[in-house]
Each structure stands twice: as C-alpha cells, then as structure tokens.
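Under our numbering, the residues of the sequence shown are numbered 6 to 223, in order. All C-beta atoms in this analysis are idealised placements derived from N, C-alpha and C, irrespective of residue type, glycine included. One structure is given below, encoded as structure tokens.
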Amino acid sequence: MAAARPEAKRPPQARRGIVGRIVGIVAGLALAAAAVWAQTNAMPYEERGSFLTTKGKIGQVVKTNRYSVKVTSVTAARAVDTKTFSGEALKVRTSHVFLLVNVSATTVRQPMDLSTLSPPALLTVDGRRYDTTDRVDQSLTLLSKRFQPGLWSSGLLVYELPKDAVPGVRFIFAPSAGAIPVDTSTPEAEIDLGLTPGAADKLISQAPAYRSLVNKTS
C-alpha cells in the first residue's frame with residue numbers, strides 16, 4: 006500500500022502574491038471612486054451633467070425620473086441653535102446670515118439619502134457654491150432623513166452665507182441612491198428661490214435675531 010503523499014503547501018511567496026493582488030484591486034477601486042468624486046466636484050456646475058438638471062420654482066413640485074422635490078419656504082435668521090453632545094441647546098450666531106430652506110421630497114422606486122459629502126447646495130449668480138452649514142447638528146435637519154417611494158419627508162436645510170450672496174441664489178438638490186457618495190447619473194433639481202434683489206433685501210432686513218431648531222414648534 007502506497008504511503009499517502011503529504012498535502013502540498015502553497016509557498017509563502019505565492020500567498021503573499023495573492024494577498025497583494027487583492028489589496029491592489031481594492032486600492033484601485035478606492036482610487037477610481039475618489040477620482041470620480043474629485044472630477045465631478047472639480048467641474049463647474051454647468052458642466053456636471055446639465056442635461057440631467059430639471060428646473061423649477063419655489064412652491065412647485067420638481068419631478069425627475071427618480072424623485073420629486075419641493076421647496077415650500079425660505080426664511081432667514083441672524084442666529085440659530087444646535088444640540089450639544091449632552092442634548093442641550095446651544096445658540097449659534099453669525100455676522101452674515103443663515104438661510105433656512107424648508108424642503109419636502111419623495112422617491113419614485115427606491116429609498117434615497119442625502120449625501121453629507123455632497124449635500125444640497127445654494128448656488129449664487131456668480132457661481133459661488135454653499136453647502137449646508139456644519140455648525141448645526143445634522144439630526145435637526147433634512148440630512149438625517151431617508152426618502153421612501155410615495156412617502157413625503159420634510160425638513161430644514163440650514164446655510165450660512167454672506168448677505169451679498171443671497172440675491173438670485175438657487176437651490177440645487179441631488180440625493181444618492183447607494184453607497185457611492187456622488188452618483189453622477191442622479192438627476193439634479195435646480196429651484197429658483199424667488200430671491201430677487203428686492204426680495205432678498207426684505208428677507209434679510211426682516212430676519213429675526215434668533216430661530217430655534219431644537220425647540221421648533223412646526
């Protein structure tokens with residue numbers, strides 16, 4: 006009876022080669038995703054798939070093939086509040102102005118989220134782009150909500166910007182349907198907030214000294 010042959014062991018160098026290839030593939034995918042994200046954000050807004058942009062006005066439902074969105078109101082304040090780690094309210098002031106955009110949205114087929122890496126933005130007439138402020142806890146805003154098919158979710162998005170940037174500013178909305186932080190195939194909604202120079206001046210001049218987000222009643 007022939008003796009059983011011992012099982013051949015894979016040389017350490019071969020195992021290291023396989024591990025190296027796996028690491029290389031993962032790193033390559035990560036770099037590719039980062040390159041797409043960087044390229045998308047480096048392009049001017051007008052070049053970032055303008056053919057996917059659906060335009061509308063404040064008070065209108067803007068419909069795309071993936072979601073519908075509506076800006077119901079825009080208000081301003083010179084100070085808002087946020088939550089500390091202990092849950093207490095903390096007042097946040099600015100020498101500029103806070104714009105509070107009240108937004109409602111729903112999806113067509115699948116759940117969608119707002120990306121914190123590329124959140125809904127305000128775009129000025131001269132091309133300046135303002136993301137939601139990082140001075141307000143996201144749990145108090147629309148960034149904390151998930152949009153479901155046929156169900157409308159509403160909330161505020163808070164922006165801090167110079168007063169001279171308010172006239173003519175537009176709202177840009179594009180949620181994400183997956184793990185990729187920036188999905189260039191997702192259609193954007195561009196909404197005119199109706200902030201003509203006169204309307205912007207009135208909004209800013211009548212802005213209350215303080216608007217509570219922690220203890221909001223509506």
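Is it buried or exposed, residue i, if we count other Cβ atoms within 10 angstroms and call 16 or more buried?
| i | result |
| --- | --- |
| Leu-214 | The amino acid occupying residue 214 in the given sequence is Ala; Leu does not appear at that position. Under this definition Ala-214 is an exposed residue. |
| Lys-75 | buried |
| Val-67 | buried |
| Thr-77 | exposed |
| Arg-134 | exposed |
| Pro-202 | exposed |
| Ala-184 | Confidence is the limiting factor: at Ala-184 the pLDDT is only 49, short of 50, which leaves the residue's position unreliable and the question unanswerable from this model. |
Please state whether the Cβ-Cβ distance between residue i and residue j is less than 8 Å.
| i | j | result |
| --- | --- | --- |
| Leu-218 | Leu-166 | no |
| Ala-194 | Ser-158 | no |
| Val-79 | Leu-198 | yes |
| Phe-103 | Val-171 | no |
| Leu-105 | Pro-124 | no |
| Ala-212 | Ala-82 | yes |
| Pro-116 | Gln-153 | yes |
| Val-174 | Leu-200 | yes |
| Asp-136 | Ala-126 | yes |
| Thr-87 | Val-97 | yes |
Counting contacts by CB-CB distance shorter than 8 Å, is residue i in contact with chain D?
| i | result |
| --- | --- |
| Lys-207 | Among the chains of the structure shown, chain D does not appear; only one protein chain is present. |
Return the bridge partner residues of residue i from the DSSP annotation.
| i | result |
| --- | --- |
| Phe-103 | Ala-82 and Glu-165 |
| Thr-87 | Leu-95 |
| Thr-58 | Glu-193 |
| Ser-73 | Lys-68 and Thr-111 |
Could you tell me which whole beta strand (DSSP E) segments of length 3 or greater appear in the segment 114 to 180?
List check, beta strand (DSSP E) in window: 126 to 128, 134 to 136, 158 to 166 and 175 to 178.
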